[in-house]
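Visitor: The working numbering applies: residue 149 is where the sequence shown begins, and numbers increase by one.
We treat Cβ as the ideally placed atom computed from N, Cα and C, and that holds for glycine.
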Amino acid sequence: MSQRSGEARAFWVLRLVTYTIVLVIGYIVFDIVYHGAGTLSWEFLTGMPRKSGSEGGILPVIVGTLCLVLGTVIVALPLGMAGAIYLSEYAKQNRLTRTIRLAIVTLAGIPSIVFGLFGLGLFVIFLKFGASILAGSLTLACMVLPIIIVASEEALRAVPQSFREGSLALGATQWQTIRKNVLPYAVPGMLTGSILAVGRAAGETAPILLTVAAFYLPKLPKSIFDQVMALPYHLYILATQLPDVNKVRPMQYGTALVLLILVLGLNLAAIIVRSRYRKKYRW
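1) Strictly by DSSP, which residues pair up with A361?
2) For the alpha helix (DSSP H) that contains T254, what are its first and last residues?
3) State the start and end residues of the unbroken alpha helix (DSSP H) segment that holds E237.
4) With a CB to CB cut of under 7 Å and the five nearest residues on each side skipped, what residues in its chain are close to G278?
5) CB-CB under 7 Å to Y384, same chain, minus the five flanking residues each way: which ones, in chain order?
6) For V262, which residues in the same chain have their Cβ closer than 6 Å to its Cβ, ignoring the five residues on either side in sequence?
7) Going straight from the alpha carbon of K276 to that of A306, what length do you get?
8) Out of V181, I326, V376, point me to the one whose CA is closest to L407's CA.
9) Is the separation between the beta-carbon of G204 and that of G195 shorter than 7 Å?
10) Are the CB atoms of P366 and T187 nearer to each other than 7 Å?
11) Can you pull the DSSP bridge partners for E203?
12) Excluding the 5 residues preceding and the 5 following T359 in the sequence, name in chain order all residues of the same chain whose CB lies nearer than 7 Å to its CB.
13) Can you check which of these residues, I222, Y333, T245, I356, is closest to L293 by C-alpha distance?
14) Within the same chain, show all residues whose beta-carbon is closer than 6 Å to that of M149, passing over the 5 residues directly before and after it, in chain order.
15) Would you kindly check if the distance between the Cβ of A289 and the Cβ of T220 is under 7 Å?
16) V161: buried (16+ other C-beta within 10 angstroms of its C-beta) or exposed?
17) What three-state label does DSSP hand K427 in the structure shown?
18) From Y167, F159, S371, pick the residue whose C-alpha is nearest to that of I281; which is it?
19) Apply the 10 Å Cβ neighbour rule to L250 and answer buried if 16 or more other Cβ atoms are within range, or exposed otherwise.
20) Around the C-beta of I343, are 16 or more other C-beta atoms found within 10 angstroms, so that it is buried, or is it exposed?
21) For A334, is the classification buried or exposed, using 16 other Cβ atoms within 10 angstroms of its Cβ as the cut-off for buried?
22) Just mark S153 as buried or exposed, buried being the case when its beta carbon has 16 or more other beta carbons within 10 Å.
23) By Cβ distance, which residues of its chain are closer than 7 Å to L368, with the 5 residues on each side in sequence left out?
24) Would you report the Cα separation of A362 and A317, rounded to the nearest angstrom?
25) Identify which residue in A387, G351, Q375 has its Cα closest to the Cα of L412.
26) Which term fits I419, buried or exposed, when burial requires 16 or more other beta carbons within 10 angstroms of its beta carbon?
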């Protein structure tokens, strides 16, 4: 009886913690939507900022964020998936491989400001890219690359070993086995983890603060070597650097709502991709 009562108490504690987390997150989302919905308009989304960003629209901010996200995906997605395929399917399981995996997991937990300093030193100063979309995208790619590798490798490991053995027994090469019998079933998990990692990159401030983000730049970028405004840094500026906080509060909530929609959109895309692939490939 005591064991059952202990399990019941643990169950209710876990339920209480879960409900508390959901309520807190729900309140934050409701507060942003409630105060920011009135700010959203065509002029706000397509207009140029004025008076250091305290008035006008946020079109350059949205475009800059999308450029950074696109650059991050182009660099990090193929590298992360290729690295995961090599570690899972080709690399020998020895001490060196275990050390590499440990390093990758460690990198995944490093604070984002460290990646910002790394990007500043390597891409901005040493490689002389300057504060630019290229430097910012490469920095964000370095930040999310360990997460993509870990998520992709876990998805590959989830595919039953019998799929590989059966294909090899029929005379297929290792790459044919991976391409036809492993990747179709692992892609949902790989893409889900990758998109969630990119969603995290879209909301980061510290890396772009040191490599690409501009305080006030009311124009659209023309090349990958241009500096841009970005939603996380623009929100930080609105919240901390402008004197009249009450005047810019609608801009703060409107910008926060746009950033929230972008991140939720990426998460929704991950759910849709995973759902479609799981319906197509089942075992």
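Guide: Well, looking at it:
1) V376
2) 243-256
3) Careful: E237 lies outside any alpha helix (DSSP H) and carries neither H nor E.
4) V272, F373
5) T353
6) none
7) 42 Å
8) V181
9) yes
10) no
11) R198
12) G264, G267, L268, F271, V272, A279, A283, G284, T287
13) I222
14) At M149 the pLDDT is 49, less than 50, meaning the model places this residue with poor confidence and gives no usable figure here.
15) yes
16) exposed
17) helix
18) S371
19) exposed
20) buried
21) buried
22) exposed
23) P208, V211
24) 57 Å
25) G351
26) exposed
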